[in-house]
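See below:
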């Protein structure tokens with residue numbers, strides 16, 4: 001089986017909404033696949049109207065133009081039908097009737113709307129030709145003609161009102177069991193609309209079927225008409241959404257259910273993260289241009305969501321990479337990173353201690369290790385970057401203490417001293433994300449000799465308020481968070497947020513910061 005292709009977005013339905021959404025996404029350099037079953041809702045109509053710039057264009061021609069346009073931006077269009085959808089945001093699996101499988105980070109559903117028509121013989125055959133539903137889509141074309149409005153619900157009065165603007169000859173045919181409110185009858189009668197009652201028997205066409213003759217009424221007579229207006233009930237058919245928990249929702253107007261749609265937020269988002277919908281699939285009152293506009297809008301929202309997700313992933317990858325060896329090898333392969341001066345808290349805490357063996361964790365370029373060596377300590381400087389250790393050796397030789405500084409490459413996250421101990425174990429501004437430091441402290445404590453000292457110093461979370469530690473919020477710590485990691489034979493000598501000042505790297509202004517300081521002595 002060939003490898004499955006994954007797209008940023010798979011669009012289900014290649015109508016005006018789907019292609020417009022694909023256009024917005026393609027122009028934002030998203031990989032997009034449109035899967036279209038080839039059953040556009042407006043296929044029976046000869047022309048589309050109220051579409052600025054494309055007035056009167058045949059609907060199928062409009063879609064063909066749209067496919068050519070989106071192809072310019074790398075959008076792919078596949079003739080097939082979606083029958084399955086599973087997975088979750090960033091990892092959806094789309095399956096087609098043709099046996100194809102595609103991955104998708106997001107899915108946009110724009111197709112599947114089917115018009116349910118009244119059960120009048122001969123009506124469906126003339127749907128979209130001279131059986132109409134929308135005055136804005138087709139009303140102009142039947143102006144001044146004889147029009148019948150089929151009243152299959154109390155909402156029919158609204159259609160009678162709008163088509164009366166276009167013709168003086170409008171008859172409302174009221175189906176059995178339907179009651180038009182008295183005030184609506186009075187209002188329509190006042191503007192010249194006539195009423196007949198009883199469900200019509202059939203739609204009558206000419207012998208050759210080319211032309212509409214009219215309606216055969218309940219009494220058997222024929223009401224000659226040039227056009228029939230009927231309120232269809234559009235229903236969204238998207239069975240593949242059911243397993244994810246998305247079911248069609250009733251679409252109501254004036255308290256009446258007039259169809260079904262996919263319920264969405266203003267962004268086009270459904271109840272399932274990563275699944276969006278647009279166009280008539282979400283609002284049956286949308287005409288063609290409105291569906292196209294909605295598709296564009298939802299496409300833009302999807303792109304914005306993807307852009308945000310991409311940035312969040314980049315941040316996470318950067319943070320994860322920050323704690324891995326390659327990032328630090330690269331960092332230490334360029335210009336000097338640190339000042340070379342000893343860290344403040346080490347300079348404050350080490351002088352009272354008798355020099356012995358010291359272990360400097362995350363030694364970097366060796367500022368602390370070289371200072372300790374100059375104070376008489378025999379220092380083991382450790383880091384997991386070879387480039388850092390090379391600089392320590394170079395700088396120690398330059399300072400004349402190369403014989404007192406040994407370097408080792410190791411990852412403190414898996415450090416095991418294996419019985420080796422030091423009189424001072426020091427770690428300055430070594431951080432790990434997501435609460436990883438207590439485990440490090442436990443490992444370091446095991447390397448402290450009896451009577452020896454453990455000194456761990458880090459950036460205190462209060463520093464976030466200064467703006468200096470942007471992006472460090474997940475791996476800063478307080479000293480008291482580390483204390484539980486100490487074995488019972490340690491005595492805590494300092495556990496505090498120790499204030500100091502530092503020049504702001506951008507403004508040079510002296511600002512107040514704090515170091516998290518944990519100092520503990522191992523009992524003899």
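Numbering (the UniProt record's numbering), first residue to last: 1 to 524.
Quick reminder that beta carbons are idealized off the backbone N, C-alpha and C, glycines included.
Residue burial classification, residue i (beta-carbon count within 10 angstroms, cutoff 16)
i: residue 111; result: buried
i: residue 274; result: buried
i: residue 232; result: buried
i: residue 140; result: exposed
i: residue 121; result: exposed
i: residue 439; result: exposed
i: residue 4; result: exposed
i: residue 506; result: exposed
i: residue 248; result: buried
i: residue 527; result: Residue 527 lies beyond the residue range present for the chain, which begins at 1 and ends at 524; the question has no answer from this structure.
i: residue 314; result: exposed
i: residue 159; result: buried
i: residue 40; result: buried
i: residue 191; result: exposed
i: residue 1; result: Confidence is the limiting factor: at residue 1 the pLDDT is only 40, short of 50, which leaves the residue's position unreliable and the question unanswerable from this model.
i: residue 15; result: buried
i: residue 453; result: buried
i: residue 334; result: exposed
Of the residues the options, the one placed nearest residue i, counting alpha carbons only
i: residue 337; options: 369, 391 and 459; result: 391
i: residue 495; options: 457, 67, 287 and 523; result: 457
i: residue 175; options: 488, 218 and 326; result: 218
i: residue 493; options: 216, 267 and 520; result: 520
i: residue 326; options: 387, 380, 287 and 264; result: 387
i: residue 225; options: 130, 411, 79 and 51; result: 130
i: residue 517; options: 406, 461, 269 and 511; result: 461
i: residue 243; options: 419, 443 and 271; result: 271
i: residue 290; options: 48, 385 and 35; result: 48
i: residue 124; options: 279, 205, 374 and 405; result: 205
i: residue 400; options: 369, 414, 412 and 30; result: 369
i: residue 99; options: 89, 80, 113 and 90; result: 80
i: residue 414; options: 75, 97, 480 and 442; result: 442
i: residue 173; options: 166, 137 and 222; result: 222
Under 8 Å between C-beta atoms of residue i and residue j
i: residue 170; j: residue 163; result: yes
i: residue 228; j: residue 193; result: no
i: residue 78; j: residue 108; result: no
i: residue 106; j: residue 12; result: no
i: residue 19; j: residue 63; result: yes
i: residue 422; j: residue 405; result: no
i: residue 437; j: residue 477; result: yes
i: residue 433; j: residue 475; result: yes
i: residue 212; j: residue 143; result: no
i: residue 379; j: residue 350; result: no
i: residue 541; j: residue 348; result: The question about residue 541 has no answer, for the chain in this structure spans 1 to 524.
i: residue 355; j: residue 375; result: yes
i: residue 512; j: residue 499; result: yes
Residue i: CB within 7 Å of a non-hydrogen atom of the ligand GDP
i: residue 59; result: No copy of the ligand GDP occurs in the structure displayed, which carries no ligand at all.
Span of the alpha helix (DSSP H), counted from its first residue to its last, around residue i
i: residue 447; result: Where residue 447 is concerned, there is no enclosing alpha helix (DSSP H), given that its DSSP letter is neither H nor E.
i: residue 70; result: 59-71
i: residue 332; result: 325-332
i: residue 137; result: 135-138
i: residue 374; result: 367-374
i: residue 253; result: From DSSP, residue 253 is part of no alpha helix (DSSP H) but of the beta strand (DSSP E) over 249-253.
i: residue 129; result: From DSSP, residue 129 is part of no alpha helix (DSSP H); its letter is neither H nor E.
i: residue 350; result: Residue 350 -> no alpha helix (DSSP H), and no H or E assigned at all.
Host beta strand (DSSP E) of residue i (start-end)
i: residue 380; result: 378-383
i: residue 287; result: Looking at the DSSP string, residue 287 is not in any beta strand (DSSP E), and its letter there is neither H nor E.
i: residue 197; result: 194-197
i: residue 159; result: Run containing residue 159: none in the beta strand (DSSP E); it sits in the alpha helix (DSSP H), 156-164.
i: residue 108; result: 101-109
Would you check if there are 3 or more beta carbon pairs closer than 8 Å linking the stretch 355-367 to the stretch 425-432? Counting Cβ pairs under 8 Å, three or more are found: they touch.
When you compare the stretch 17-31 with the stretch 293-304, are there three or more beta-carbon pairs, one atom per stretch, that lie closer than 8 Å? Touching, yes, given that three or more Cβ pairs across the two stretches are closer than 8 Å.
Does the stretch 212-227 come into contact with the stretch 192-199, if we say contact requires no fewer than three beta-carbon pairs (one atom in each stretch) closer than 8 Å? The stretch 212-227, when compared against the stretch 192-199, does touch it at the 8 Å Cβ threshold.
Touch check for the stretch 227-245 and the stretch 146-157: three-plus C-beta pairs under 8 Å? Yes: the two stretches touch, three or more of their Cβ pairs being nearer than 8 Å.
Counting Cβ pairs closer than 8 Å, one from the stretch 342-352 and one from the stretch 305-321, do we hit at least three? Per the Cβ contact rule, the stretch 342-352 is not in contact with the stretch 305-321 (fewer than 3 Cβ pairs under 8 Å).
Would the stretch 277-289 and the stretch 251-265 be scored as touching if the rule is three or more Cβ pairs under 8 Å? Verdict: yes, contact present.
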